[in-house]
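Participant: Below you'll find the structure I mean.
Number of protein chains: 2
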Amino acid sequence: MNTCAPRPIVVAQAASASHCANCDARHRSVCNAISTDDLERLAASAIPKVFAKGQLFIEEGEKAGDFFNVTRGTAKLYKMLPDGRQQITGFASAGHFLGLAVSDTYAFSAEAIEPVELCRFSRSKLRVLLDDFPALEKRLLQTACNELVAAQEQMLLLGRKTARERLASFLSTRIAEAAACGEHGSTISLPMTRAEIADYLGLTIETVSRTFTRFKAEGKITLPSRDEVQICDLDWLNGVASGQDHHAFA
Amino acid sequence: MNTCAPRPIVVAQAASASHCANCDARHRSVCNAISTDDLERLAASAIPKVFAKGQLFIEEGEKAGDFFNVTRGTAKLYKMLPDGRQQITGFASAGHFLGLAVSDTYAFSAEAIEPVELCRFSRSKLRVLLDDFPALEKRLLQTACNELVAAQEQMLLLGRKTARERLASFLSTRIAEAAACGEHGSTISLPMTRAEIADYLGLTIETVSRTFTRFKAEGKITLPSRDEVQICDLDWLNGVASGQDHHAFA
DNA sequence: CGCACACTTGAACCCCCTCAACCCAAGTGG
DNA sequence: CCACTTGGGTTGAGGGGGTTCAAGTGTGCG
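What follows is the structure in C-alpha cells.
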C-alpha cells in the first residue's frame, strides 16, 4: 500500500491511475507484496496526501478510521501524559505503515516533523484489499513482528541504558538504517530536533545536548551542522550502544 | 495454536489426539481461530511441554526454530546487556503466543517464573498451518498489534513515568487483566519476585520495595502476603498510573 | 537588522541507585 | 527441636546521573 504521488506533487484525485507503479517507496514498503499487475487495484484504494511540518495527522484516542503509509518525509509517533510529558515511540519515514491497531481508537499520535507525503486507506478498503491479497496480510504480519522486535530493543534502552548508551544506540541505529537504504557514508542527517531526540530516548534536551558535546570532545563524532552528525569511530559507537564498559571512561 | 495437556499432565507423545479440544487456554489464545472440526490438525502439530520454575526455554540469539503458546503458568521475556543489566519486556501467561519474529534468531529470552505448560510448534509446521488456515494468520496479526500497543504504553512508562507511577501502572494493568479474565476482586497475585518487577519497570528492587511500603503507609494498598496485593483505592491507583498530579503529595 | 527559535552551557537540586545491614519465613540437618 | 543456611524482602545512609532552572550563544529568516 505504499503509494506516492509522482514528483512534482499531484493532488489525490488528479493522480494517475498508476501512481503506485511510480512510487519510490513501494519496494521498501508492504506494497511490494502486490504484484505489478494488481497495482491498479491498490492505487484505486490509496489516496495520496501531503502534510506540512508540524501537522498532526493521527491523534491518540480519536476514532481510528484510516491507515497510512508514509512515502516521503518523516513523522514522529508519540504518546503523552496529561501534564505534557511526552514519549516518542518511533519515527516513521518512507515505507513505514501506520495505524495497525485492533482497537477502534488510535493508541498514539503522529505528527510530521518535516514535510510528509503518505497514502491513506480507509479501514473498510484495507479490509477488502487484505481479503483479496493474502500476501499483503503476510507482509503486514512481518512488519508488525519487526516493529515488535524494535520496541523490545527500545524498552531495554529506556529501562536500563545510561544517557551515553542511549544516544550511542540512537546514532548506531540510524547509521544501520541508512546503510540498509544503500547509504554507506559515516554521516547521518537528523530531521528531528534535540527535543525530539530527548523525547525518544527518555531524556531531557539538555542531557542530549551535553552528551553530543561530550562525544565531540572525545573525538568520536563531529557536528558539521545542526542536523548532521559524522561518526568518527563506528566500532566505539556500537560498543557503547550495546552497553559494554558501563563504568569505563574514555 | 493454544493446546494444553489435560490435567494431570500427560507427556507429548502420549497426549490424546484432541488435546487441543480440552485445552483450557484455547478460547484465550490464537487457537480459537481454528474451528472445532479442525482441532485434530492443530493438535497434530502442537507438542505439549512442561518447564519447571527457573528453566530457560528461549535464549536470545539462538536459532529460532520453534514457536510456543503458553497454556499454563507464567514466563518472563527479557533482554540483557553484556554486564548483566536486564530488562523484562513482558510476562507471558496462558494464551500468550511466543516467538513471533521474522529474523531467524530469537530477539529475547524466556524463562519460567513458575511451572509453565506450553505447546511447541516447529517453524515449518506453523507455516503449513498458516497457509491452510488464513484465519489463524489474521488472528496472529491481531495479537501482534495488541502487543505493539502494549509495548508503546510500556515505552511511555519507562521513558517518562516516576517510580510511583510505574508501580501504580503495573498494579493497574494487572487488575485490568484479571478483570478481563473474569476475576473481579480487588486482590492481585504476583507470581513474580520484587526483582522481576524491578526489571520490568526499569527500577531497582529497593525502589520497588520502598514504593510498595509507601503505598501501604498511605493506606492505598495492603500486602496480605509476599505475593498478594490488595488495592484499597482503585480510582487513586488509576489516577497515579495515568500520570495525574505528577508533583502532588497525598 | 532583529526577532524567534534551536541549541548550548552552567549551577543547584533531587529522585533513584548503590551499598550495606537487617528481617523473616522456609528448609535442612544434626 | 533448635542451630544454621538460604532466598526473598525491607530499611537506612550516602552518592551520583540526570533533571531543573536559568542564562547565554548561535543561526536562519522576515
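Top line first, the protein sequences correspond to chains A and B.
Mapping the first sequence onto the numbering used here, position 217 (from 1) lands on 217, and the numbers just tick up by one.
Mapping the second sequence onto the numbering used here, position 206 (from 1) lands on 456, and the numbers just tick up by one.
Where a beta carbon is used, it is the ideal one built from N, C-alpha and C, also for glycine.
Is it buried or exposed, Gly493 of chain B, if we count other Cβ atoms within 10 angstroms and call 16 or more buried?
Facilitator: With 16 or more other Cβ atoms within 10 Å, it is buried.
Participant: Can you say whether Glu290 of chain B is buried or exposed, counting buried as having 16 or more other CB atoms within 10 angstroms of its CB?
Facilitator: That one is exposed.
Participant: Starting from Cys145 of chain A, trace the alpha helix (DSSP H) both ways and give me its first and last residue.
Facilitator: Where Cys145 of chain A is concerned, the enclosing alpha helix (DSSP H) stretches over Pro134 to Arg160.
Participant: Would Lys216 of chain A pass as a contact of Asp233 of chain A if the rule is Cβ separation under 7 Å?
Facilitator: No, they are not a contact pair.
Participant: Below 6 Å CB to CB, which residues in the same chain sit around Arg410 of chain B once its five sequence neighbours on both sides are set aside?
Facilitator: Answer for Arg410 of chain B: no residue qualifies.
Participant: Counting along the chain, where does the beta strand (DSSP E) carrying Asp316 of chain B start and finish?
Facilitator: That run of the beta strand (DSSP E) goes Asp316 to Arg322.
Participant: Mapping the DSSP letters down to three states, classify Leu289 of chain B as helix, strand or coil.
Facilitator: Helix.
Participant: Taking only beta carbons into account, state which residues of the stretch 136-170 of chain A come closer than 8 Å to chain B, listed in chain order.
Facilitator: Here the close residues are Glu137, Lys138, Leu140, Leu141, Gln142, Ala144, Cys145, Asn146, Glu147, Leu148, Val149, Ala151, Gln152, Glu153, Gln154, Met155, Leu156, Leu158, Gly159, Arg160 and Lys161.
Participant: Are there 16 or more other CB atoms within 10 angstroms of the CB of Glu361 of chain B, so buried, or fewer, so exposed?
Facilitator: Flag for Glu361 of chain B reads buried.
Participant: List, in order along the chain, the chain B residues whose C-beta lies closer than 8 Å to that of Phe108 of chain A?
Facilitator: Within chain B, the residues near Phe108 of chain A are Gln402.
Participant: Consider the C-beta atom of Val30 of chain A and the heavy atoms of the ligand GTP; say whether any pair is separated by less than 6 Å.
Facilitator: This structure does not include the ligand GTP; it has no bound ligands of any sort.
Participant: Of the residues B:Arg276, B:Ile455 and B:Leu451, which one's Cα is nearest the Cα of Arg322 of chain B?
Facilitator: The option with the nearest alpha carbon to Arg322 of chain B is B:Arg276.
Participant: What is the residue span of the alpha helix (DSSP H) that Gly239 of chain A lies within?
Facilitator: Residues Leu234 to Ala241.
Participant: Can you give me, in chain order, the residues of the stretch 317-333 of chain B that have a beta carbon less than 7 Å from any beta carbon in chain A?
Facilitator: So the close ones are Lys329, Leu331, Pro332 and Asp333.
Participant: Go ahead and label Ala344 of chain B buried or exposed: buried means 16 or more other beta carbons lie within 10 angstroms of its beta carbon, across all protein chains shown.
Facilitator: It is buried - the Cβ of Ala344 of chain B has at least 16 other Cβ atoms within 10 Å.
Participant: Taking only the alpha-carbon atoms, compute the straight-line gap between His434 of chain B and Ala428 of chain B and give it to the nearest angstrom.
Facilitator: Taking the straight line joining both Cα atoms gives about 7 Å.
Participant: So which of A:Leu140, A:Glu153 and A:His19 has the shortest CA-CA distance to Leu126 of chain A?
Facilitator: Nearest C-alpha to Leu126 of chain A: A:Leu140.
Participant: Could you list which residues in chain A have their beta carbon closer than 8 Å to that of His496 of chain B, in chain order?
Facilitator: Going along chain A in sequence order, the residues near His496 of chain B (Cβ under 8 Å) are Leu81, Asp83 and Arg85.
Participant: Straight-line CA distance for Lys303 of chain B to Val116 of chain A?
Facilitator: Approximately 50 Å between the Cα atoms of the pair.
Participant: Counting only runs that start and end within the stretch 175-221 of chain A, where is the beta strand (DSSP E) found for 3 or more residues in a row?
Facilitator: Listed in chain order, they are 187-189.
Participant: Which value, in whole angstroms, describes the spacing of the CA atoms of Leu203 of chain A and Ala163 of chain A?
Facilitator: Taking the straight line joining both Cα atoms gives about 7 Å.
Participant: Unbroken beta strand (DSSP E) runs of length 3 or more, entirely within the stretch 306-383 of chain B: which are they?
Facilitator: Those beta strand (DSSP E) runs which fall completely within the stretch 306-383 of chain B and span 3+ residues are 306-308, 316-322, 325-330, 336-342, 359-362 and 366-372.
Participant: List, in order along the chain, the chain B residues whose C-beta lies closer than 7 Å to that of Pro115 of chain A?
Facilitator: By Cβ distance, chain B contributes nothing, its closest Cβ being about 25 Å from Pro115 of chain A, past 7 Å.
Participant: With three or more C-beta pairs closer than 8 Å as the rule, is the stretch 309-317 of chain B touching the stretch 380-398 of chain B?
Facilitator: Segments in contact, no.
Participant: Using the three-state DSSP reduction, which class does Ser475 of chain B fall into: helix, strand or coil?
Facilitator: It is a strand residue.
Participant: Using CA coordinates, which residue listed in A:Phe67, A:Lys49 and A:Phe97 is at the minimum distance from Arg28 of chain A?
Facilitator: Selected option, being the one with the closest Cα: A:Phe97.
Participant: So the beta strand (DSSP E) Ile297 of chain B belongs to, where does it begin and stop?
Facilitator: Its beta strand (DSSP E) spans residues Ile297 to Phe301.
Participant: Using a beta-carbon distance below 7 Å, is Leu350 of chain B in contact with chain A?
Facilitator: With 7 Å as the cut-off, Leu350 of chain B counts as an interface residue toward chain A.
Participant: For Leu223 of chain A, collect the residues of the same chain with a Cβ closer than 8 Å to its Cβ; drop the 5 residues on either side in sequence, then sort them by chain order.
Facilitator: Cβ neighbours of Leu223 of chain A beyond the five flanking positions: Phe212, Lys216, Val229 and Gln230.
Participant: How would you call Leu306 of chain B, buried or exposed, if buried means at least 16 neighbouring beta carbons within 10 angstroms?
Facilitator: By the 10 Å Cβ count, Leu306 of chain B comes out exposed.
Participant: Suppose contacts are defined by Cβ-Cβ distances below 7 Å. Is Lys76 of chain A in contact with Ile113 of chain A by that definition?
Facilitator: Result yes, Cβ atoms of Lys76 of chain A and Ile113 of chain A sit closer than 7 Å.
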